[in-house]
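Asks: For any residue, its number in the working numbering is found by taking its place in the sequence shown, counting from 1, and adding 40.
Before I ask anything, let me first share the structure, which is written out below as structure tokens.
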Amino acid sequence: MVEPDDNPRDRGKYLQFDGDGDDGDLATVGVDPTSGPLPRPLAVSISHSRDTELRSLTQRFTAPDGDGSPPRLSLRGPFEGGRRPHPSVSLFRDETAAVVEVHRFGELADETAFLNLAVTEWPESARRLAVDSTVELVETGVFEHTHVLDGELEFDFFAEPDADGETAGTPSSSG
């Protein structure tokens, strides 16, 4: 289920994955893009029920109405906490998407995790951002049960001109 943020000034949306029975949500993945010129902060959060641990996260960021080129992202201080093991994160682009993979959550496996990204380049013709999220988590206890949760969020998104009237992050027509 997709839920908008409670704050009307906030553009965040949340994928809520229901648990079994009356236990509430199994997990919630939030994405909150800001508005303004590039680079544009993009906050990601993953919360989950107390009896689960995060194993992995894969997110694919695409511009479905653009020219087919993927956006470019940067990682900005991915996680908080100084204990080890630290989360293991990969950030890359394939032919159609910017991809973020968290292979191991380390100390944050049993906590709410926050990932701070920024969109640094955006296809000029695109006006929509799609974020496909796949979360793997494990119910802990006597018997472990793995859940793979998948869903997509879409946002209005475009690169706004900076103070000089240029669209930051896109090639300039002047060379």
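Cβ atoms here follow ideal geometry from the backbone N, Cα and C, with glycine treated the same way.
Which residues in the same chain as R92 place their Cβ atom closer than 6 angstroms to its Cβ, once the five residues preceding and following it in sequence are excluded?
Replies: The amino acid at residue 92 is misidentified as Arg; the sequence shows Thr. Closer than 6 angstroms at the Cβ level, and outside the excluded window around T92, lie L177, E179.
Asks: Helix, strand or coil for R191? Go by DSSP, reduced to three states.
Replies: Note that residue 191 corresponds to Gly in the displayed sequence, not to Arg. G191 falls in the strand class under three-state DSSP.
Asks: Hey, how far is the Cα of R51 from the Cα of F183?
Replies: One C-alpha to the other measures close to 39 angstroms.
Asks: What distance in whole Å lies between the Cβ atoms of R100 and D172, which are believed to be in contact at a cut-off of 8 angstroms?
Replies: Indeed they touch by this definition, with Cβ atoms about 4 angstroms apart.
Asks: What are the boundary residues of the beta strand (DSSP E) that G108 is part of?
Replies: Segment: none, G108 is in no beta strand (DSSP E) and carries neither H nor E.
Asks: I'd like the span of the beta strand (DSSP E) that includes A158, first residue to last.
Replies: Start and end: 153 to 161.
Asks: Could you pull the start and end residues of the beta strand (DSSP E) that G70 belongs to?
Replies: 65 to 73 is the extent of the beta strand (DSSP E) around G70.
Asks: Within the chosen definition, does the segment 141 to 155 reach the segment 181 to 201 through at least 3 CB pairs nearer than 8 angstroms?
Replies: Because the criterion of three Cβ pairs below 8 angstroms is not met, the segment 141 to 155 and the segment 181 to 201 do not touch.
Asks: Based on the DSSP secondary-structure assignment, which residues constitute the bridge partners of A83?
Replies: Paired residue(s): D72, N156.
Asks: For R90, write down the residues that DSSP places opposite it in a beta bridge.
Replies: Its beta-bridge partners do not exist; DSSP assigns none.
Asks: Output needed for A138: all residues of its chain with C-beta closer than 7 angstroms, excluding positions within five of it in sequence on either side, in chain order.
Replies: So the list reads F101, P110, P111, R112, L113, once near-sequence residues are dropped.
Asks: With distance defined between alpha-carbon atoms, name the residue in D107, P79, S130, V69 nearest to R168.
Replies: Closest option to R168, Cα to Cα, is D107.
Asks: Label P197 either buried or exposed according to how many other C-beta atoms from any shown protein chain fall within 10 Å of its C-beta, with 16 as the threshold for buried.
Replies: According to the sequence displayed, residue 197 carries Phe and not Pro. F197 is buried by the Cβ-count criterion.
Asks: Using CA coordinates, which residue listed in L55, G59, A83, F57 is at the minimum distance from A158?
Replies: Looking at the Cα atoms, A83 is the closest of the given residues.
Asks: Along the beta strand (DSSP E) that carries A199, what are the first and last residues, could you check?
Replies: Neither: A199 is in no beta strand (DSSP E) and is coded neither H nor E.
Asks: Check G215 in the structure and name its three-state DSSP category.
Replies: In this prediction, G215 has a pLDDT of 37, which is less than 50 and means its spatial position is unreliable; what the coordinates show is noted afterwards. In this structure, G215 counts as coil in the three-state DSSP scheme.
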